[in-house]
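Read through the structure below, which is laid out as structure tokens, and then see the notes.
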Amino acid sequence: MMEDEQLRSILKCVRCGTCRSVCPIFEELGWESFSTRGRMMIAKGISEGMDLDESIIDSINTCTTCGICEEMCPAGAIPPDVFENIRHEIVEMGKETESQKDLRENTLSTGNPMNETHPRLEWLMEQRDVPDHAENVYFVGCLGSYRYQETVLRTYDLISDLDVTVLPDEVCCGSPLLRTGSDAGELIAHNVRQMEEVGAHTMIASCAGCYNTLKNDYPDRFRVVHITEFLAENLDKLELERLDITVTYHDPCHLGRANRIFDAPRKLITAVCELREMRTSKENARCCGGGGGVRKGYPELSKALTEKRVAEVPEGVDYIVTCCPLCRTNMAPFSEIPVIDLLDLLTWAQKKE
Ligand code: SF4
Ligand code: SF4
1 MMEDEQLRSI
11 LKCVRCGTCR
21 SVCPIFEELG
31 WESFSTRGRM
41 MIAKGISEGM
51 DLDESIIDSI
61 NTCTTCGICE
71 EMCPAGAIPP
81 DVFENIRHEI
91 VEMGKETESQ
101 KDLRENTLST
111 GNPMNETHPR
121 LEWLMEQRDV
131 PDHAENVYFV
141 GCLGSYRYQE
151 TVLRTYDLIS
161 DLDVTVLPDE
171 VCCGSPLLRT
181 GSDAGELIAH
191 NVRQMEEVGA
201 HTMIASCAGC
211 YNTLKNDYPD
221 RFRVVHITEF
231 LAENLDKLEL
241 ERLDITVTYH
251 DPCHLGRANR
261 IFDAPRKLIT
271 AVCELREMRT
281 SKENARCCGG
291 GGGVRKGYPE
301 LSKALTEKRV
311 AEVPEGVDYI
321 VTCCPLCRTN
331 MAPFSEIPVI
341 DLLDLLTWAQ
351 KKE
């Protein structure tokens, strides 16, 4: 059953259509049913028992949960939350798509959505002396563990003197499941148990999706910070020097708009090099098209959004910097300019002995 809060959010929609001018999926497809407003009407219909067919499910599942509609909505509606909730109802009704099913089954059976079966962080434990207990836990995330090990190693080295460890048996934070309508209670409970065993009070996330999930979907028992906040607080301890390069910064939707972390990444970037903003940035930043299960479920649509985001890169920059491995994975194949993680940039700027 839809929660009262969600129903109230749907009813807040006055059908003004402001969101139509900003929804990147509507911009691509042009059909009302693929605009925020259209989805809100469909969500209302579903809550009243409307029959589901494929086009209705596609309408709800093509939202990237970028949140720019919420930013602009004059009535205070929160459409991405409504659509996540409706996705959950649709899944509960047994109308899960193949893509949602794959994501759920893979993540629950292997602990990561990519279905990797080898141990997740053994490589890190082998290369570094990771303590059993610490006050802070670096939550590495699935893409970090399996796709960006070099960045993770650099990140760990940058913060390891600050009383940091990792979870001994970390599993996916649950974001891919929660954003696509499945339950992640099992994964959350597993990670929370380990936080208690390690005795840590703070979780440090380096992925925007992990951060958003740890912060907003986990029990309110631990302090959750994004690595950029943590490092911006400790900037004087990092011993950085300036690099002769110019970069641009892509705000990940789930870090920026969803959690208002705009300044910490910029503080770190401008400490080490020149920053030239993209055509849209901060609360107005264009979505890269990777979130909400759209990259997996609707790859062509996702690609169209990515190409538009990459086209916003200003002239004369050496790198696109971001601090979300999904945004990085999503943009890199479509960009002539290399896409790097902010942590890689900081490591390059560390003073050498
Ligand atoms: S901007 Fe808000 S009120 Fe207007 S149509 Fe979109 S969701 Fe509804
Ligand atoms: S969250 Fe983004 S993709 Fe989803 S309806 Fe709103 S603007 Fe469109």
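Under full-length UniProt numbering, the first residue of the sequence shown is numbered 1, with each subsequent residue one higher.
Beta carbons are placed, not taken as given, at the ideal position from N, Cα and C, and that holds for glycine.
Are there 16 or more other CB atoms within 10 angstroms of the CB of residue i, so buried, or fewer, so exposed?
i: M40; result: buried
i: R154; result: buried
i: C13; result: buried
i: E197; result: exposed
i: A189; result: exposed
i: T97; result: buried
i: S206; result: buried
i: K237; result: exposed
i: C16; result: exposed
i: S35; result: buried
i: P176; result: buried
i: M93; result: exposed
i: L214; result: buried
i: M195; result: buried
i: S145; result: buried
i: E84; result: buried
i: A75; result: exposed
i: G290; result: buried
i: T117; result: exposed
i: E170; result: buried
Excluding the 5 residues flanking residue i on each side, which residues of the same chain have their C-beta closer than 7 angstroms to its C-beta?
i: V130; result: L124, T165 and V166
i: N136; result: L162, D163, V164, A200, T202 and I204
i: Y156; result: L124, R128 and Y138
i: S99; result: G293, K296 and G297
i: E229; result: I261 and A264
i: V310; result: M331, F334 and S335
i: C210; result: F139, G141, C173 and S175
i: P219; result: V192
Only counting the same chain, and skipping five residues up and downstream in sequence, which positions put a Cβ closer than 6 angstroms to that of residue i?
i: T151; result: D341, L343 and D344
i: G292; result: C63, T64, T65 and R179
i: A208; result: P252, H254, L255 and C324
i: K267; result: A232
i: G38; result: E32
i: A184; result: G174, L177 and L178
Determine whether the beta carbon atoms of residue i and residue j lie at a separation below 8 angstroms.
i: R279; j: E312; result: yes
i: I86; j: A134; result: no
i: Y148; j: P333; result: no
i: S9; j: D81; result: yes
i: A349; j: V272; result: yes
i: C323; j: L255; result: yes
i: L121; j: V140; result: yes
i: S33; j: R104; result: no
i: C172; j: N212; result: no
i: E70; j: I60; result: no
i: C287; j: I68; result: yes
i: K95; j: I57; result: yes
i: C73; j: T18; result: yes
For residue i, would you say it is in contact with chain D, using Cβ-to-Cβ distances shorter than 8 angstroms as the test?
i: I227; result: In the structure shown, chain D does not exist; there is a single protein chain.
Quick one: residues in its chain with C-beta nearer than 8 angstroms to the C-beta of residue i, no 5 flanking neighbours on either side, listed in chain order?
i: P314; result: T248, R276, E277, M278 and R279
i: residue 420; result: Any property of residue 420 remains undetermined from this structure, which presents the chain solely from 1 to 353.
i: L240; result: A271, V272, L346, A349, Q350 and K351
i: L235; result: K267, L268 and A271
Secondary structure, beta strand (DSSP E): runs of 3+ residues fully inside the segment 229 to 267
Runs of the beta strand (DSSP E) inside the segment 229 to 267: 246 to 249.
contact_flag[the segment 298 to 310, the segment 13 to 28] where n(CB pairs < 8 angstroms) is 3 or more
Because the criterion of three Cβ pairs below 8 angstroms is met, the segment 298 to 310 and the segment 13 to 28 touch.
Go through the segment 97 to 144 residue by residue and report every complete run of the alpha helix (DSSP H) that reaches 4 residues or more, in order.
Annotation note: the segment 97 to 144 contains the following uninterrupted alpha helix (DSSP H) runs of length 4 or greater, listed N- to C-terminal: 98 to 110 and 122 to 127.
The segment 242 to 256 contacting the segment 266 to 283, beta-carbon criterion three pairs below 8 angstroms
Output reads yes: the segment 266 to 283 touches the segment 242 to 256.
Would you list, in sequence order, the uninterrupted alpha helix (DSSP H) runs of no fewer than 4 residues that lie entirely inside the segment 6 to 65?
List check, alpha helix (DSSP H) in window: 24 to 29, 36 to 47 and 54 to 61.
Length at least 4, wholly inside the segment 151 to 208: the alpha helix (DSSP H) runs in chain order
Listed in chain order, the alpha helix (DSSP H) elements of length 4 or more contained wholly in the segment 151 to 208 are 175 to 179 and 185 to 198.
Which runs of the alpha helix (DSSP H) at least 4 residues long sit entirely within the segment 276 to 308? Give them in chain order.
Taking only runs of at least 4 residues, the alpha helix (DSSP H) segments lying wholly in the segment 276 to 308 are 294 to 297.
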